[in-house]
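Protein chains in written order, with this note's numbering: chain A, 3 to 354; chain B, 3 to 354.
#1: Closer than 7 Å by beta-carbon distance: list the chain A residues that pair up with residue 225 (chain B), in chain order.
#2: Against chain B, does residue 176 (chain A) count as a neighbour if the rule is that its beta carbon must be under 8 Å from one of theirs?
#3: Kindly list, in the order they appear in chain B, the residues whose Cβ is closer than 9 Å to that of residue 36 (chain A).
#4: What residue from A:114, A:228 and A:100 has the CA that sits closest to residue 168 (chain A)'s CA?
#5: Using the C-alpha atoms, what's the distance from residue 184 (chain B) back to residue 104 (chain B)?
#6: For a cutoff of 8 Å on Cβ pairs, would you count residue 274 (chain B) as touching chain A?
#7: Does any residue of chain A bring its CB to less than 8 Å from the CB of residue 205 (chain B)?
#8: Can you tell me the Cβ-Cβ gap for residue 227 (chain A) and residue 282 (chain A), rounded? I've got them flagged as a contact below 8 Å.
#9: Are there 16 or more other CB atoms within 10 angstroms of the CB of residue 304 (chain A), so buried, or fewer, so exposed?
#10: Roughly how many whole angstroms lie between the Cα atoms of residue 131 (chain A) and residue 116 (chain A)?
#11: Taking the alpha-carbon positions, what's the residue 246 (chain A) to residue 222 (chain A) distance?
#12: By a C-beta neighbour count over all protein chains shown, 10 Å radius and 16 as the cutoff for buried, is residue 300 (chain B) buried or exposed?
#13: Identify whether residue 67 (chain B) lies in helix, strand or coil by the three-state DSSP scheme.
#14: Under 8 Å between beta-carbons, which chain A residues line up against residue 124 (chain B)? List them in chain order, please.
#15: What alpha helix (DSSP H) runs, 4 residues minimum, are completely inside the stretch 266-351 of chain B?
#16: Less than 8 Å between the beta carbons of residue 99 (chain A) and residue 67 (chain A), yes or no?
#17: Show which residues of chain B have a CB atom less than 8 Å away from the CB atom of residue 48 (chain A).
#18: Find out if the Cβ-Cβ distance for the pair residue 43 (chain A), residue 33 (chain A) is shorter than 8 Å.
#19: Could you check whether residue 160 (chain A) and residue 289 (chain A) sit closer than 8 Å to each other, using their CB atoms as the reference points?
#20: Would you mind stating whether residue 94 (chain A) and residue 316 (chain A) have Cβ atoms separated by less than 8 Å?
#21: What does DSSP give as the partner residue(s) for residue 187 (chain A) in the beta ladder?
#22: Kindly indicate which three-state DSSP category residue 37 (chain A) falls into: helix, strand or coil?
#23: Taking the C-alpha atoms as reference points, what is the distance between residue 25 (chain B) and residue 50 (chain A)?
#24: Measure the C-alpha to C-alpha separation of residue 191 (chain B) and residue 250 (chain B) and round it to an integer number of angstroms.
#25: Using a Cβ-Cβ distance under 8 Å, would residue 85 (chain A) count as near chain B?
#26: Would you say residue 264 (chain B) reaches chain E, if we count a Cβ-Cβ gap shorter than 8 Å as a contact?
#27: At the level of alpha carbons, what is the spacing between residue 187 (chain B) and residue 162 (chain B)?
#28: List the residues of chain A whose Cβ lies closer than 9 Å to the Cβ of residue 33 (chain B), in chain order.
#29: Using a Cβ-Cβ distance under 8 Å, would residue 270 (chain A) count as near chain B?
#30: Here's the rule I'm using: 16 or more other beta-carbon atoms within 10 Å means buried, otherwise exposed. How should residue 225 (chain B) be labelled?
#31: Check residue 140 (chain B) in the structure and name its three-state DSSP category.
#32: So residue 139 (chain B) packs on residue 111 (chain B), CB below 8 Å; how close in whole Å?
#33: If we define contact as Cβ-Cβ less than 8 Å, is residue 67 (chain A) a contact residue for chain B?
#34: Taking the straight line between their C-alpha atoms, what separation do you get for residue 83 (chain A) and residue 337 (chain B)?
#35: Take residue 207 (chain A) and list the residues in its own chain whose beta-carbon comes closer than 6 Å to its own, dropping the five residues that flank it on each side.
#36: Could you confirm whether any beta carbon from chain B is found closer than 8 Å to the beta carbon of residue 100 (chain A)?
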């Protein structure tokens, strides 16, 4: 064995023995880097694919996409939640691809106007010098990130934008400036106090001009118990959210839910807020498998009703149909089994 | 280059180019295999370490452990949740190690007695032939799994057992037979109807004999809206849980919460139940960082109060103290900063 050969050989051995010793990791996604021309920087994106995405036993499916701001904070629990809630037979939502967007300059990206504020705790410090870049950031989402996701993953034409605090402010601003970009918007305890409540004025202007929001748009707003926060930070967080609520409810043209969380503060409300939000956005998606044995047509009726509400066609997934078929077979509901076999063959022609 | 050398060389190249192309994965845990003598089988265990576990900037810390039944179903969202809820400065719970236990023979492991039942949907099918092995399974937990975890990971002497359905039945049974094994028990929609409500009888017997449960034990029970389920499956799920609730509340010797989820069914209640459960178990853990600037002693008072309730000493983590120090420094609270610097040096002597 010459020495170079020996060196390589030992390296190979080392490599294999290391990988042999390593425990199997549990992974929930992968990181991708996108070079953004619009933002003139590289952006790190965390991508989660639902459990069935690479299932060789079913036809390749397309999935709605949830764009999640502050990705580094919310990605782990959000993806666990969306997978769990999408599990048949009690699925509260469709399986979704989740795209977490990691921050670089958070204030720059998420705020709609240039505005500054003296720190309420230390007036010597001026905050938010880099604010006002949200229009650029939404262009990045629409013109660079979404095409990247659609090109590399199988996406259905339904998307959600979810943010918290400045991220909630951003989501509301996108709804006002580009309502067509997303189907549903989630704003957890949004910072609508921003720049003398500039988005409240903008909402009023929008409704004066357009009378109503486009059809089939959903907005979910959570509100934390910020009494303590308002006192300490001199903030009108609560008042701005409540003013906004009144305007939106009066307009009546959004599929809108506002929920106040008595036991949550600004920093903790995202977790239950995001759960409550998907339950609201996808309300009507869950169907009752047990009722289907007697009335198999109910499935398509339920999906038609939900699709009408969502403004996009949702069909029962192949995985759900397989679950239904197994249920009917196990319990001897032969007629219903035949019905769903036909439906499955129609929706999902067999893989060769 | 001889041919063998060439072959190895090409393999090496291939290996490196593959690993170079692979995206960085986002991982939340690792799988371990334990050979159980008690169960006479290999068991797959999923282990999640909290974010700071391997942080080289802090002293190696010890963490409470949450043992999660039906690991393969609950691990992903549970670990995301516990990390999020443990994030300073608004931590609702301490950072925890989460140990998910994957099923092999679920009914065997989780049921306390041998009992059978005809399928309510198809009376020709007899269910639960393999039931009644829970005493063996709890011995596995106590004598094999816990020592394995303590030996391989840095654990604090505080542990939680969490289960759903048969897993909830199991958790209640462990509380009745070995209350000293865990500090807190979570039973999501537990199958207390099991074997003619054998655990209801057992609870009555326990209380007749012992008068009360040991000090500092916590039990959380969630209940789904099973009206539909009861109708279809001829089950007395709801009635059994409510009977149990009455007995436990009357005894008054547990730190006990029962919560009914109007909008959840048996298959979906675990998610909000597990969230509500940790909020209850660790109630009093969250401290208000803003109040600490004026009254730094509050931190130790809060922790002393929580420790008293939990029956175990909990101290502010080094990570939380660092967060507090940064907050005091950023906002010019010099006196408080000094106070917490002293506290930190006392609790966490510097790493050499």
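No residue lacks a Cβ here, since even glycine has one placed at the ideal position from N, Cα and C.
To lay it out plainly:
#1: What residue 225 (chain B) touches in chain A: nothing, since even the nearest Cβ is about 16 Å away.
#2: no
#3: Result: empty, since nearest Cβ-Cβ is about 12 Å, beyond 9 Å.
#4: A:114
#5: 19 Å
#6: Yes - at least one Cβ of chain A is within 8 Å of the one on residue 274 (chain B).
#7: no
#8: About 20 Å; that fails the 8 Å criterion.
#9: buried
#10: 8 Å
#11: 12 Å
#12: exposed
#13: strand
#14: Near residue 124 (chain B) (Cβ distances below 8 Å), the residues of chain A are 332, 333 and 334.
#15: 272-283, 300-312, 320-332 and 336-349
#16: yes
#17: Within chain B, the residues whose beta carbon sits less than 8 Å from that of residue 48 (chain A) are 28, listed in sequence order.
#18: no
#19: no
#20: no
#21: A:163 and A:221
#22: strand
#23: 12 Å
#24: 15 Å
#25: Chain B contact via Cβ: present.
#26: Here chain E cannot be found, since the structure's protein chains are A and B.
#27: 6 Å
#28: 25, 26, 27 and 28
#29: For residue 270 (chain A), the answer is yes, since a Cβ of chain B falls inside 8 Å of its Cβ.
#30: The residue is buried, with at least 16 neighbouring Cβ atoms inside 10 Å.
#31: helix
#32: The Cβ separation is near 4 Å, so the contact holds.
#33: Proximity of residue 67 (chain A) to chain B, defined by a Cβ-Cβ separation below 8 Å, is not satisfied.
#34: So the alpha carbons of these two residues sit roughly 43 Å apart.
#35: none
#36: no
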